[in-house]
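Reviewing the structure listed below.
Protein chains: 2
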Amino acid sequence: MAGSPENVRADGHSQMTDAVPRGTGVTLWRQIAERLEADIAAGRWQPGERLPVEAELASAFGVNRHTLRRALAALAEAGLIEATAGRGTFVKAPPLRYPIGPRTRFSEIVTAGGRWPFGRFLEARVEPADAEVARELDIPQGTDVLRIESIHEADGVPISCGIAWFAAARCPDLDLIYAATGSLTRALATLGIEDFRRRETRITARPANAREMEQLSIAAGRSVIVLERVDVEPNGRPLQWGRSSFAADRVQLVFKP
Amino acid sequence: MAGSPENVRADGHSQMTDAVPRGTGVTLWRQIAERLEADIAAGRWQPGERLPVEAELASAFGVNRHTLRRALAALAEAGLIEATAGRGTFVKAPPLRYPIGPRTRFSEIVTAGGRWPFGRFLEARVEPADAEVARELDIPQGTDVLRIESIHEADGVPISCGIAWFAAARCPDLDLIYAATGSLTRALATLGIEDFRRRETRITARPANAREMEQLSIAAGRSVIVLERVDVEPNGRPLQWGRSSFAADRVQLVFKP
DNA sequence: GAACATTTGTCCGTATGTATC
DNA sequence: CGATACATACGGACAAATGTT
Chain A
1 MAGSPENVRA DGHSQMTDAV PRGTGVTLWR QIAERLEADI AAGRWQPGER
51 LPVEAELASA FGVNRHTLRR ALAALAEAGL IEATAGRGTF VKAPPLRYPI
101 GPRTRFSEIV TAGGRWPFGR FLEARVEPAD AEVARELDIP QGTDVLRIES
151 IHEADGVPIS CGIAWFAAAR CPDLDLIYAA TGSLTRALAT LGIEDFRRRE
201 TRITARPANA REMEQLSIAA GRSVIVLERV DVEPNGRPLQ WGRSSFAADR
251 VQLVFKP
Chain B
1 MAGSPENVRA DGHSQMTDAV PRGTGVTLWR QIAERLEADI AAGRWQPGER
51 LPVEAELASA FGVNRHTLRR ALAALAEAGL IEATAGRGTF VKAPPLRYPI
101 GPRTRFSEIV TAGGRWPFGR FLEARVEPAD AEVARELDIP QGTDVLRIES
151 IHEADGVPIS CGIAWFAAAR CPDLDLIYAA TGSLTRALAT LGIEDFRRRE
201 TRITARPANA REMEQLSIAA GRSVIVLERV DVEPNGRPLQ WGRSSFAADR
251 VQLVFKP
């Protein structure tokens, strides 16, 4: 593979070795972007690593800095890198692939990605169901529901935060068990509820609000994916309804029919 | 139904008729928010309509303007209304439910929602497949692919914009037929390709970029849902791969396993 | 472009009820 | 019981954005 300049600093005479060919019908910036993308995909630069400064990269590719910046802009647009004035340009961590199907559980998703899952319990309380919760759980308005607020992390990095509601009668002390184990899946299993499946997943997105910025450690203006879900038991009765906000920069939700 | 003030202007003496009860154990702002939400749900105020100004609503409910603003903030958080300084507070249109399954087609989705679908063709050209397109379509890099850029609208409101790639050999003149009919589904049918299904849908989100702001008529800082998809023919060969940006304020993607 | 009215957004401060230690 | 912290509610003033003249 035609790697990008790996000897920018070491060998001043090699500036032209990686120069991009001109007159090929492909613009210079596109060629550069594709080379850098291939390098990142190949692991030439690791996530979190800082790229050489723009001037060095530009001279290594034999182009003007503006041309190089056009290539970096394309990569930033694609979400592969992130530039900060005064700090440098960094390779972003690839988003966590988050498969969603009838029976996916958070802990399995994260474990499959080679990361360590953790559900950080924030708050639980019993409250009467408002109109929305009652509709989604198919219970009379005002019935007691258990409301659990939590944050999900992978390797200590917050992935999502949100609120889930359970019919309180069906899940006695679920909150206590969850708080102890850190896994909702296991807490439900303790109650003998293992066989539930996703009935519907609804998705939208919006800029993060103040709470999400804090809980997910994301910058102002970044997006969250808002995911609403209904899980049902084998008999078709809704078990939980919830709404979670995902740090959009860190996950890619994957649906396979 | 205990409606919210409908005679704010008409009858100056009715200020207290809709006043919220105090000392009930439910905060004033929550009572107000629930009343307004019920009114919007009941169609008392139509999508796009402007609510009375804050001062009027406050006096109608018999509370301070700050208390009313707390209620409006809750509704805005829930996505029911949107306020702009100097203009007023408006009821937002409910998002278009956009079901995604193995065989959903854009035209069917929008028609089912009682709206009129339209794919506005922007540009088509044949180009050699780059690394990403080649991988997704499972063809050798450099093979000719047809790249189609388009915008999808419902009732004249832009819903999504994006780019789709087809193996050029499989779809001769697809671009011309699409440009003529405005429906990709029909254009493919003309070529005898009717039976394809979604193999995978990947989703993330980010703030809209300049192009999306223009093509989708959305404000700076708003979010887009970025949806990548692979459609395959019955024999399993990829037919199209594409990446679309949805105006997150206008759609809710719905997945049913 | 300037002046103006309208409307939302933000800040100051104060008082009160409620839950907690 | 008091001390304390917090959310709720109110009052006033001004800034910022928008639309109109």
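Top line first, the protein sequences correspond to chains A and B. Going by full-length UniProt numbering, the first sequence opens with residue 1, and the numbers climb by one from there. Going by full-length UniProt numbering, the second sequence opens with residue 1, and the numbers climb by one from there. The C-beta atom is built at its ideal place from N, Cα and C for all residues, glycine as well.
Thinking C-alpha only, which one of the options is nearest residue i?
i, options, result
"residue 267 (chain A)", "A:L176, A:D155, A:V230 and A:N209", "Since the displayed chain A opens at 1 and closes at 257, residue 267 (chain A) lies outside it and no answer follows."
"R35 (chain B)", "B:G48, B:R206, B:A60 and B:A131", "B:A60"
"F210 (chain A)", "A:V232, A:V20 and A:G221", "For the sequence presented, residue 210 (chain A) should be read as Ala rather than Phe. The shortest C-alpha separation from A210 (chain A) is found at A:G221."
"P207 (chain A)", "B:R103, B:G142, B:A247 and B:G86", "B:A247"
"P158 (chain B)", "B:I139, B:T143 and B:E214", "B:E214"
"R198 (chain A)", "A:N235, A:D39 and A:D173", "A:N235"
"E123 (chain A)", "A:A187, A:L146, A:R105 and A:L188", "A:L146"
"V26 (chain B)", "A:A58, A:D39, A:E49 and A:D130", "A:D130"
Can you give me the C-alpha to C-alpha distance between residue i and residue j, rounded to a whole angstrom?
i, j, result
"P5 (chain A)", "L28 (chain A)", "Bear in mind that a pLDDT of 48 at P5 (chain A), under 50, signals an unreliable position, so the number given afterwards is only what the model happens to contain. Computed Cα separation, rounded: 16 Å."
"L80 (chain B)", "L176 (chain A)", "34 Å"
"C171 (chain A)", "L191 (chain A)", "7 Å"
"D18 (chain B)", "P94 (chain B)", "27 Å"
"F166 (chain A)", "G242 (chain B)", "38 Å"
"E132 (chain B)", "A179 (chain A)", "43 Å"
"G88 (chain B)", "L72 (chain B)", "12 Å"
"A137 (chain B)", "I139 (chain A)", "Looking at the sequence shown, residue 137 (chain B) is not Ala but Leu. About 46 Å."
"E37 (chain B)", "A83 (chain A)", "42 Å"
"S14 (chain B)", "L227 (chain A)", "Its pLDDT being 39, under 50, S14 (chain B) is placed unreliably by the model, and the measurement read from it follows with that caveat. S14 (chain B) and L227 (chain A): Cα-Cα distance of roughly 42 Å."
"R237 (chain B)", "T201 (chain A)", "28 Å"
"Q31 (chain A)", "D249 (chain A)", "26 Å"
"A85 (chain B)", "N64 (chain B)", "19 Å"
"V126 (chain A)", "D173 (chain A)", "10 Å"
"A33 (chain A)", "W45 (chain A)", "14 Å"
"F255 (chain A)", "E212 (chain A)", "24 Å"
"P21 (chain A)", "T181 (chain B)", "41 Å"
"G62 (chain B)", "E56 (chain B)", "10 Å"
"residue 290 (chain B)", "H66 (chain A)", "Because residue 290 (chain B) is not part of the residues shown, which for chain B are 1 to 257, the question remains open."
"I218 (chain B)", "I193 (chain A)", "44 Å"
"residue 263 (chain B)", "G162 (chain A)", "Absent from the model: residue 263 (chain B). The displayed extent of chain B is 1 to 257, so no value can be given."
"I40 (chain B)", "Q141 (chain A)", "19 Å"
"G156 (chain B)", "A187 (chain B)", "21 Å"
"E49 (chain B)", "D195 (chain A)", "46 Å"
"R9 (chain B)", "A58 (chain B)", "Residue confidence for R9 (chain B) is low, a pLDDT of 36 falling below 50, so the modelled location carries little weight and cannot support an answer."
"A189 (chain A)", "G43 (chain B)", "43 Å"
"R103 (chain B)", "I225 (chain A)", "24 Å"
"R70 (chain A)", "R70 (chain B)", "45 Å"
Assuming contact is defined by CB atoms lying nearer than 7 Å, are residue i and residue j in contact in what I supplied?
i, j, result
"I148 (chain B)", "A164 (chain B)", "yes"
"V91 (chain B)", "P52 (chain B)", "no"
"I203 (chain B)", "L253 (chain A)", "yes"
"S223 (chain A)", "S223 (chain B)", "yes"
"P128 (chain B)", "G101 (chain A)", "no"
"L216 (chain A)", "A154 (chain A)", "no"
"E54 (chain A)", "L75 (chain A)", "no"
"A205 (chain B)", "A205 (chain A)", "yes"
"V251 (chain B)", "Y98 (chain B)", "yes"
"S244 (chain B)", "S150 (chain B)", "no"
"T185 (chain B)", "R120 (chain B)", "no"
Tell me, which residues are paired with residue i by DSSP?
i, result
"R65 (chain B)", "Per DSSP, none; premise fails for R65 (chain B)."
"S244 (chain B)", "B:G162 and B:L227"
"L174 (chain A)", "In the DSSP output, where bridge partners are listed per residue, L174 (chain A) has none listed."
"L96 (chain A)", "A:V251"
"T143 (chain A)", "Paired residues: none, contrary to the question."
"A124 (chain A)", "A:I148"
"A167 (chain A)", "A:V145"
"V26 (chain B)", "Partner(s): none; V26 (chain B) has no beta bridge."
"R202 (chain A)", "A:E228 and B:V254"
"T84 (chain A)", "A:G88"
"R50 (chain B)", "B:F90"
"A197 (chain A)", "The amino acid occupying residue 197 (chain A) in the given sequence is Arg; Ala does not appear at that position. DSSP output for R197 (chain A) lists A:V232 as bridge partner(s)."
>> Residues of the segment 189-223 of chain A in Cβ contact with chain B at a cutoff of 8 Å, in chain order, please.
In response: Under the 8 Å Cβ criterion, the segment 189-223 of chain A contributes R197, R198, R199, E200, T201, R202, I203, T204, A205, R206, P207, N209, G221, R222 and S223.
>> If the cut-off is 9 Å on Cβ atoms, which residues from the segment 123-139 of chain B count as contacting chain A, listed in chain order?
In response: Along the segment 123-139 of chain B, the positions whose C-beta sits under 9 Å from a C-beta of chain A are P128, D130, A131 and E132, read in chain order.
> Of all the residues that make up the segment 232-256 of chain A, which are near chain B by a beta-carbon distance shorter than 8 Å?
Replying inline: Taking a C-beta cut-off of 8 Å against chain B, the contacting residues of the segment 232-256 of chain A are A248, D249, V251, Q252, L253, V254, F255 and K256, listed in chain order.
>> Tell me which residues of the segment 19-39 of chain A have at least one Cβ-Cβ distance to chain B shorter than 7 Å, keeping chain order.
In response: Residues passing the 7 Å Cβ filter: E34 and A38.
> Between the segment 82-96 of chain A and chain B, which residues of the former have a C-beta closer than 9 Å to a C-beta of the latter?
Replying inline: The residues in question are P95.
>> Under 7 Å, CB to CB, which of the residues in the segment 139-163 of chain A have a partner in chain B?
In response: If the cut-off is 7 Å between Cβ atoms, the segment 139-163 of chain A has nothing near chain B.
>> Which residues of the segment 47-63 of chain B have a Cβ closer than 9 Å to any Cβ of chain A? Give them in chain order.
In response: Those would be none; no residue qualifies.
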